[in-house]
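A.B. asks: According to the working numbering, the residues represented by the sequence shown are 3 to 427, in order.
Ideal Cβ positions, reconstructed from N, Cα and C, are used throughout, including at glycine.
As the structure is a prediction and not an experimental result, all values here were calculated from the model.
If you scroll down you'll find the structure; I have some questions about it.
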Amino acid sequence: MGRLNARVGAAVALVAVWAAACRPQESSPEKGPAGFEREVAKAIPGIEKQVGLPFKTPPKVESRSKSEVRQFLLREFDQSAAAKELAESELAYKRFGLLPDTLHLRQLLLNVLTEQIIGFYDPRTKTLYVVDGSAPEVVAITVQHELVHALQDQYLNLDSVQNVTGENDRSEAAQAVIEGEAMYEQLSMMVGENNLATRLQGGWDRVRDLIRDQQSSMPQFSAAPMLIQETLLFPYLSGAEFMRRFKDRKSGSAPFADLPASTEQVLHTDAFFGRRDPPITVTISAPRGATVRYTNTLGEFETRLFLFQHLGSAPDAARGAAGWGGDRYAMVDTPGGSGLVWVTVWDTGFDAAEFNDLLAQAVPKRYPGAVEQASQPSIRVWRAGNRTVRVSAVTVAGHSGVIYTDMPATFAGEVLDPSGITARP
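Right, dumping it as structure tokens:
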């Protein structure tokens with residue numbers, strides 16, 4: 003979901019409402035375009051001091067109505083590349099069981115984002131937009147957040163970073179730095195960097211709980227599937243935690259010269275700041291008798307979401323996704339319908355075996371009533387209605403790996419041959 007969320011780059015209400023609780027009491031900002039411009043002018047010196055970079059030129063500031071924001075989102079979603087990405091990723095997430103089969107993803111995201119957006123910076127127009135009628139107590143916070151994005155865009159081409167295709171995990175990691183820096187700097191300005199630890203008692207998990215306590219004010223977000231909620235929250239919360247670690251270890255440096263290449267590097271301190279664990283690039287070909295229609299990556303973060311979706315255990319999900327080395331999935335077309343091929347490679351044989359075991363536990367929960375067929379030591383097969391699911395332990399270019407296939411039961415082609423998979427640093 004990384005690229006879809008990145009295309010909007012909005013400061014969402016679910017974060018701003020919580021952040022307002024940390025803000026010292028002060029007079030509310032003036033309403034209207036002139037008031038927004040004054041709010042921007044007032045905030046710029048503090049943003050420059052906090053980030054450590056000067057604005058080359060102040061961004062334009064304009065106000066928009068909720069209906070105009072919705073029209074902006076519609077235009078974003080209806081661009082040919084974005085529309086194709088949205089449609090294909092929707093099919094993939096449904097095949098993974100991360101979205102209900104009856105869900106209309108475009109409509110859901112449109113409703114959720116329209117509900118959440120208070121303001122956004124558009125890197126194409128170099129303009130900071132503020133939504134008319136937003137609560138005064140969060141307008142100033144939103145302006146601060148989006149000004150960080152405007153400043154980032156003057157030193158990094160945000161549009162190019164956010165438009166990477168076919169590399170969802172890398173895109174999600176970059177977005178975590180973009181939103182995480184804005185979130186971290188915004189909070190630091192409000193409460194002071196030295197106070198963040200004490201003001202964030204319980205850490206970012208507590209922030210998630212506080213956000214979900216706002217259900218009555220955010221009905222669209224509250225009703226959204228877990229995948230949507232967590233991928234919206236990830237760049238803000240996990241990204242801010244990454245930036246806290248970055249500030250501790252690389253004070254005075256800008257984070258854009260060396261972006262994390264995976265969500266694993268965002269989630270784990272040692273993976274980025276220690277031994278530096280780069281993701282393994284996996285390529286796959288379709289099984290014989292099938293053609294690839296769409297391919298992308300889940301990464302450690304969304305692999306964790308997949309396990310949690312079907313096992314219902316956060317510790318098991320985190321444990322099963324730990325040691326992720328790289329992955330790629332492909333949605334394929336067959337004469338009997340669509341199929342899914344997912345290849346993961348792991349840091350160690352133990353990591354692969356642990357994931358393999360949890361994946362095998364997830365299959366009957368993904369497909370209640372699935373019946374396991376005769377299996378070999380390295381491959382397990384289930385028949386689930388009109389689907390056949392296989393989990394295979396393999397070795398890929400010297401790496402321990404797992405192949406997960408979910409194909410129509412009528413598909414007579416061969417199981418994916420490991421020789422058709424490549425993996426490289």
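#1: Look at the Cβ atom of ALA263, then the Cβ atom of PRO280, and state whether they are nearer than 8 Å.
#2: Taking three-plus beta-carbon pairs below 8 Å as touching, is the stretch 71–78 in contact with the stretch 164–179?
#3: Where ASP80 and GLY400 are concerned, what is the direct C-alpha to C-alpha distance, given to the nearest angstrom?
#4: Measuring only the C-alpha atoms, how far is ARG426 from MET220?
#5: Of all the options ARG389, ALA354 and GLY322, which has the alpha carbon lying nearest to the alpha carbon of TYR369?
#6: With C-beta atoms as the reference, is TRP384 less than 8 Å away from ALA395?
#7: Tell me whether MET429 sits in a helix, a strand or coil according to DSSP, three-state version.
#8: Rounded to whole angstroms, what is the Cα-Cα separation between VAL133 and LEU342?
#9: Give the DSSP-derived three-state secondary structure of PRO281 in the structure shown.
#10: I'd like to know whether the C-beta atoms of GLN156 and PHE57 end up nearer to each other than 8 Å.
#11: Could you check which residue in GLU64, PHE357 and PRO379 has the C-alpha nearest to that of LEU309?
#12: Ignoring anything shorter than 4 residues or poking outside the stretch 235–282, list the alpha helix (DSSP H) runs there in chain order.
#13: Given that a residue counts as buried once 16 or more other Cβ atoms are within 10 Å of its Cβ, and exposed if not, what is MET333?
#14: Secondary structure at ASN388, three-state DSSP: helix, strand or coil?
#15: Near GLY497, what residues of its chain come up, given a Cβ to Cβ distance below 8 Å and the 5 sequence neighbours on each side ignored?
#16: Just tell me which of SER377, GLY99, THR350 and ASP359 has its CA closest to the CA of MET228.
#17: Does DSSP put HIS106 in a helix, in a strand, or in coil?
#18: Would you call SER91 buried or exposed, if buried means 16 or more other Cβ atoms sit within 10 Å of its Cβ?
#19: So MET409 and THR336 are supposed to be a Cβ contact under 8 Å. How far apart are they, rounded?
#20: When you compare only the Cα positions, how much space is there between GLY338 and MET245?
#21: Determine the burial state of PRO138: buried for a count of at least 16 other Cβ atoms within 10 Å of its Cβ, exposed for fewer.
#22: Can you tell which of LEU234, LEU361, ARG277 and PRO257 has its C-alpha closest to the C-alpha of VAL150?
C.D. replies: On the basis of the coordinates in this document:
#1: Locating residue 263 in the sequence shown gives position 261, counting from the first residue. Locating residue 280 in the sequence shown gives position 278, counting from the first residue. Yes, they are a contact pair.
#2: Output reads no: the stretch 164–179 does not touch the stretch 71–78.
#3: Taking the sequence shown and counting its residues from 1, one reaches residue 80 at position 78. Taking the sequence shown and counting its residues from 1, one reaches residue 400 at position 398. ASP80 and GLY400: Cα-Cα distance of roughly 42 Å.
#4: To locate residue 426, count along the sequence shown from 1; it is residue 424. To locate residue 220, count along the sequence shown from 1; it is residue 218. In a straight line, the C-alpha of ARG426 is about 43 Å away from that of MET220.
#5: Counting from 1 along the sequence shown, the entry for residue 369 is found at position 367. Comparing Cα-Cα distances from TYR369 to each of ARG389, ALA354 and GLY322, the minimum goes to ARG389.
#6: Start at 1 with the first residue of the sequence shown, and residue 384 comes out as number 382. Start at 1 with the first residue of the sequence shown, and residue 395 comes out as number 393. No, the pair does not count as a contact, with Cβ atoms beyond the cut-off.
#7: Outside the modelled stretch of the chain, which goes from 3 to 427, sits residue 429, for which no answer is possible.
#8: Indexing the sequence shown from 1 puts residue 133 at position 131. Indexing the sequence shown from 1 puts residue 342 at position 340. Each residue's CA atom was taken as its position, placing VAL133 and LEU342 some 41 Å apart.
#9: Along the sequence shown, read from residue 1 onward, the residue named residue 281 stands at position 279. Coil, per DSSP.
#10: Taking the first residue of the sequence shown as position 1, residue 156 is located at position 154. Taking the first residue of the sequence shown as position 1, residue 57 is located at position 55. Yes.
#11: One-based indexing of the sequence shown puts residue 309 at position 307. If we check each option's Cα against that of LEU309, PHE357 comes out closest.
#12: Listed in chain order, the complete alpha helix (DSSP H) runs (minimum 4 residues) inside the stretch 235–282 are 265–269 and 271–275.
#13: Residue mapping note: residue 333 aligns to position 331 of the sequence shown, counting from 1. Under the 10 Å beta carbon count, MET333 is surrounded by 16 or more other beta carbons and is classified as buried.
#14: Reading the sequence shown from its first residue, position 386 is the one you call residue 388. In the structure shown, ASN388 sits in coil (DSSP, three-state: anything other than H, G, I, E or B).
#15: In this structure the chain extends from 3 to 427, so residue 497 is not present and cannot be described.
#16: Taking the first residue of the sequence shown as position 1, residue 228 is located at position 226. MET228 has its Cα closest to that of GLY99, out of SER377, GLY99, THR350 and ASP359.
#17: By one-based count along the sequence shown, residue 106 stands at place 104. The answer is coil: DSSP assigns HIS106 none of H, G, I, E or B.
#18: Along the sequence shown, one-based indexing puts residue 91 at 89. Burial is judged here by how many other beta carbons sit within 10 angstroms of a residue's own beta carbon; SER91 has at least 16 and is buried.
#19: What you label residue 409 is simply residue 407 of the sequence shown in a count that begins at 1. What you label residue 336 is simply residue 334 of the sequence shown in a count that begins at 1. About 7 Å separates the CB atoms of MET409 and THR336; that is less than 8 Å, so the two are in contact.
#20: By 1-based counting over the sequence shown, the position of residue 338 is 336. By 1-based counting over the sequence shown, the position of residue 245 is 243. If you take the alpha carbons of GLY338 and MET245, they lie about 47 Å apart.
#21: As a working note, residue 138 is residue 136 in the sequence shown. Exposed, by the Cβ-count rule.
#22: By one-based count along the sequence shown, residue 150 stands at place 148. It is PRO257.
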